[in-house]
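Start counting at 1 in the sequence shown, then tack on 5, and there's your number in my numbering.
Even for Gly, the Cβ is constructed at its ideal location relative to N, Cα and C.
Bear in mind that the values here come from a model prediction, so they are computed numbers and not experimental data.
See structure below.
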Amino acid sequence: TDNIFVATSTLIDGQISNLQRNYDLSYEATYISDVWGVNVNLVRNPVDPGEGFHHQPLAGFRFLSVRENLSQIGVTNQDPDPDWRTLIESDANNNIYGVNIGIESSLVHRWFTIGVRPQVSVGLNSFQNRVATERWVSPVESRVEHELSDTQFSAVGELTLFARVPLHETFNLHVGFTGMIITDLQRPYSTIVYDTTSDGLGSPIASHFHAKRADQSLKIYGLTVGGEWIFK
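Here it is as structure tokens:
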């Protein structure tokens, strides 16, 4: 009733314009993040095993996959279609391969162990950005996609606070908190170029949404609970 809508504005032929799509019926944006990986470290045994403070260097390998998707669906009541449904979709797939260096500092007691484990991974991020649109310029426009792939350096910093409680001589209960920051990452909300092509007179005739490189960072943190088997 107050003529305020969610809208998407675009460039025309790469230049600033007043072209925009007003979603006067509905608008929905969905953002999905999927993060998983493998982290393998070799930790040096304490020089003086037993109770007390210990500092143990570590080194290893990390693979980390960060995949995210942003989907925007807008519905407009506009001629020639009173239910004009448009789609803007962006994907960013990051695969990071790196080497780890760090240290584990702990206080060992016969009934428990508490410690901190900072580590840094430096490696290569092989990424792929994809942007797609459907029915943007007109209700009959087909799906248009564009992909961009490249490789760049990326770093992962991780800090773990942990506690271990021995329940058996070969099994420990493990609880902790992990915080992680990933740099030089591609994320779908920042890799979209909102653009259209014109007929040469300033009127849009086709979607030209495409992907670009846009380095961002990502922070992840959470609690962990698990078990540790000790093979003797």
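request  = Spatial neighbours of residue 162 within its chain, please: CB distance less than 6 Å, with the 5 preceding and 5 following residues excluded, ordered by chain position.
outcome  = Here residue 162 has 125 and 186 as same chain residues with Cβ atoms under 6 Å from its own Cβ, once five neighbours each way along the sequence are excluded.
task = Go ahead and pull the three-state DSSP assignment for residue 117.
result = Residue 117 falls in the coil class under three-state DSSP.
request  = Determine, using beta carbons only, whether residue 201 and residue 16 come nearer to each other than 9 Å.
outcome  = Taking 9 Å as the cut-off, the beta carbon of residue 201 is found closer than this to the beta carbon of residue 16.
task = Report the rounded CA-to-CA distance for residue 13 versus residue 129, giving the unit in angstroms.
result = Each residue's alpha carbon lies about 34 Å from the other.
task = Measure how close the beta-carbons of residue 190 and residue 153 come, nearest whole angstrom, since I'm counting them as under 8 Å.
result = Taking the Cβ atoms as the reference, residue 190 lies roughly 14 Å from residue 153, outside the contact range of under 8 Å.
ask   = What number of angstroms, rounded off, separates the C-alpha of residue 182 from the C-alpha of residue 94?
value = Using only the alpha carbons, I get a separation of about 34 Å.
message = With distance defined between alpha-carbon atoms, name the residue in 84, 26 and 69 nearest to residue 127.
response = Taking residue 127 as reference, the option from 84, 26 and 69 with the minimal CA-CA separation is 69.
task = From the DSSP output, in three-state form, read off residue 155 for me.
result = Residue state, collapsed to three classes: strand.
request  = Select from 199, 11 and 228 the residue whose C-alpha is nearest the C-alpha of residue 79.
outcome  = Of the listed residues, the one whose Cα sits closest to residue 79 is 11.
Residue 73, enclosing beta strand (DSSP E) - first and last residue = First-last of the beta strand (DSSP E) with residue 73: 57-83.
key: Three-state class that DSSP yields for residue 216 in the structure shown   = Strand at residue 216.
query = So, helix, strand or coil for residue 255, using DSSP?
reply = This structure does not reach residue 255, given that the chain is present from 6 up to 237, and the question cannot be answered.
request  = Mind checking who residue 198 pairs with in its DSSP beta bridge?
outcome  = Looking at the DSSP assignment, residue 198 forms a beta bridge with 215.
query = What is the DSSP secondary structure of residue 44, reduced to helix, strand or coil?
reply = DSSP places residue 44 in the strand class (E or B) of the three-state scheme.
query = In three-state terms, what does DSSP make of residue 21?
reply = Correct three-state label for residue 21: coil.
inquiry  = I need the straight-line Cα distance from residue 23 to residue 74, nearest angstrom please.
reply    = Approximately 27 Å between the Cα atoms of the pair.
Anticipated Cβ contact below 8 Å, residue 219 with residue 188, distance rounded = In fact, because the Cβ distance is near 13 Å, the residues do not count as touching under 8 Å.
ask   = Which word fits residue 120, buried or exposed, when buried means at least 16 other C-beta atoms lie within 10 angstroms of its C-beta?
value = The residue in question, residue 120, is buried, as its Cβ has 16 or more Cβ neighbours within 10 Å.
task = Would you kindly work out how many angstroms separate the C-alpha atoms of residue 60 and residue 237, rounded to a whole number?
result = Residue 60 and residue 237: Cα-Cα distance of roughly 22 Å.
key: the region 89-103 in contact with the region 49-56 per 3-pair CB rule at 8 Å   = Using a C-beta cut-off of 8 Å, the region 89-103 makes no contact with the region 49-56, since fewer than three inter-stretch Cβ pairs fall below that distance.
message = Can you list, in chain order, the residues of its chain with a C-beta nearer than 6 Å to that of residue 39? Leave out the 5 residues immediately preceding and following it.
response = Here the set comprises 72.
message = Which same chain residues end up closer than 8 Å to residue 176 when comparing Cβ atoms and leaving out the 5 residues on each side of it in sequence?
response = In chain order, 232, 233, 234 and 235 place their CB closer than 8 Å to the CB of residue 176, counting only its own chain and leaving out the 5 sequence neighbours on each side.
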